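Q:
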Amino acid sequence: MTSMRWWDAAVLGTAVLLAVLLLVLTDMPWRVGVGLGGIGVLVVAWIALGRRGPDAATVTPFIVAVVVSAGLVVSAYPTLAIIQVIAYPIAWSFSATMRRAVVANVAIALAVGVGFLVSLGTGTANLVQTGFTVALSLIFSLAMGFWISRMTALGDERGRLLAELEGAQEQIAALNRDAGAADERERLARELHDTIAQDLTGLVMLAQRARREAAAPDATLALLEETARAALTETRALVAAGAAVADDGLDLASALHRLADRFMRETGVQVELALDEHLELSRDVEVVVLRCVQEAVGNARKHARASHISIAVSAANGERVRVSVIDDGIGFDPGTAPDGFGLTGMSERLALVHGTLTVTSAPGAGTTLVAELPAGAALVIA
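In the working numbering, the protein residues as written are -16 to 365.
Here it is as structure tokens:
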């Protein structure tokens, strides 16, 4: 709507200017009559045909009318060649293709040239002047038209690329949301396996021990209650997304001592714990160390049939942490062991803090798990 109002002002304003100039510059009846006729053709063509827009079926008749109008107006008086300031833009703006625009420009130039010859005569000087003026106007119009068309095409291309970029950004955002959800599911799976699953395994074994006894002693029942409470505490921690090393304000050393004590009371297996006195670890590293030890002793409980487990946590120069869990159980062949979630989950957890896991074992030779990671590492979310 705004564009059409601009065209209304441009076309009608040009028509008024042409009429004023015509009446001021000449009083010859035939010139006034031809000039006003040409101006009338322009105005009527615009109102009846042009205002329908460049996409209407009446575009071709409208451009033909503009060509006729230009020829008539210039025939009436040479100065009225200023009609070109509206005729050429109409040719470019209302033509559906570049080819049609060029044809319309040439037609306008020819009409203006004929008008000059009618108005000025066909003398040699007039022919040269007309040819030079018409050629210069046509070249300028073509140059400007091609340049504006190129800028318009670049703008359209930029808009298309911008739309594609926005679409790609939306897809990336959706993929990031999906990846974040997948990472969170994996994190919860690791937490569940390394915490609640271990406690529930202990509950099962304690229940089996209680069934084997004629009358379950208070110590066994106390262990059952303690293990159940630990599972409940860890469940609440997961729900709160805490992933805390200790829910009761315990540091890493205290949490490992509590883990070792519970394991010995539940299984009767001796656990030897060796820790550096002054471990300065980031929270993420403390979580990983505790979960790795939990997984290692949990594997020993379920598979190793060990009588002794050695746990050591040390920090070399305060830069890298080394965690080793060694049992004297039946061992296994790491190359043929099933791809259970435990070791895989441990490796994935260590990878999140740029750590590594090494498993050394053989049938009848026990198992050694060694995890190494930076002391101040933070979780890396892919």
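Even for Gly, the Cβ is constructed at its ideal location relative to N, Cα and C.
As the structure is a computational prediction, the values presented were derived from the model and not from experiment.
Out of S290, L206, S120, T105, state which residue places its alpha-carbon closest to the alpha-carbon of A92.
A: S120
Q: Specify whether the stretch 242 to 257 and the stretch 290 to 298 touch according to this definition: at least 3 beta carbon pairs, one from each stretch, less than 8 Å apart.
A: yes
Q: Any idea if N88 is buried or exposed, counting beta-carbon neighbours within 10 angstroms, 16 or more meaning buried?
A: buried
Q: Within 10 angstroms of the Cβ of S124, are there 16 or more other Cβ atoms? Answer buried if so, exposed if not.
A: buried
Q: At what residues does the beta strand (DSSP E) containing T339 begin and finish?
A: Segment 339 to 344, the beta strand (DSSP E) holding T339.
Q: Hey, L6 and V15: beta-carbon distance below 8 Å or not?
A: For L6 and V15, yes; Cβs fall inside 8 Å.
Q: Verify whether the separation of the beta carbon atoms of D310 and A345 is less than 8 Å.
A: no
Q: Taking the straight line between their C-alpha atoms, what separation do you get for I155 and H337?
A: 26 Å
Q: Are there 16 or more other CB atoms within 10 angstroms of the CB of E260, so buried, or fewer, so exposed?
A: exposed
Q: Select from I122, F45, A53 the residue whose C-alpha is nearest the C-alpha of G21.
A: A53
Q: Leaving out five residues before and five after L(-5) in sequence, what residues of the same chain have Cβ atoms less than 8 Å from its Cβ?
A: The residues are V26, W29.
Q: For R303, which of R143, L333, G328 has the nearest alpha-carbon?
A: L333
Q: From the DSSP output, read off the bridge partner residues of P357.
A: R303
Q: Can you give the Cα-Cα distance for G150 and M134, rounded to whole angstroms?
A: If I take the Cα positions, the gap works out to 24 Å.
Q: Tell me, please, which residues DSSP counts as bridged to I46.
A: Answer is none; I46 lacks a bridge partner.
Q: The alpha helix (DSSP H) that contains A371, what's its start and end?
A: With the chain covering -16 to 365 only, the question about residue 371 has no answer from this structure.
Q: Whole-angstrom Cβ separation of E355 and R305, contact assumed at under 8 Å?
A: 5 Å
Q: Hey, T62 and L4 are a contact pair by Cβ (cut 8 Å); roughly how many whole angstroms apart?
A: 6 Å
Q: Determine the contact status of G312 and G349, defining contact as a CB-CB distance below 8 Å.
A: yes
Q: Taking DSSP as the reference, what is the three-state secondary structure of A31?
A: helix
Q: With a 10 Å radius around its C-beta and 16 neighbouring C-beta atoms as the bar for buried, classify T319 as buried or exposed.
A: exposed
Q: What residues match up with T367 in a beta bridge as DSSP calls it?
A: Limits of the chain in this structure are -16 at one end and 365 at the other, which puts residue 367 out of reach.
Q: Consult DSSP for V296 and reduce its assignment to one of helix, strand or coil.
A: In the structure shown, V296 falls within a strand segment according to DSSP collapsed to helix, strand and coil.
Q: If we ignore side chains and look at the alpha-carbon of each, how far apart do V17 and L55 end up?
A: Distance from the CA atom of V17 to the CA atom of L55, rounded to whole angstroms, is 6 Å.
Q: Within 10 angstroms of its Cβ, does V95 collect 16 or more other Cβ (buried), or is it exposed?
A: buried
Q: I want to check one thing, is the minimum distance from the CB of F315 to the heavy atoms of the ligand ATP below 7 Å?
A: With respect to the ligand ATP, the structure offers nothing, as it holds no ligand at all.
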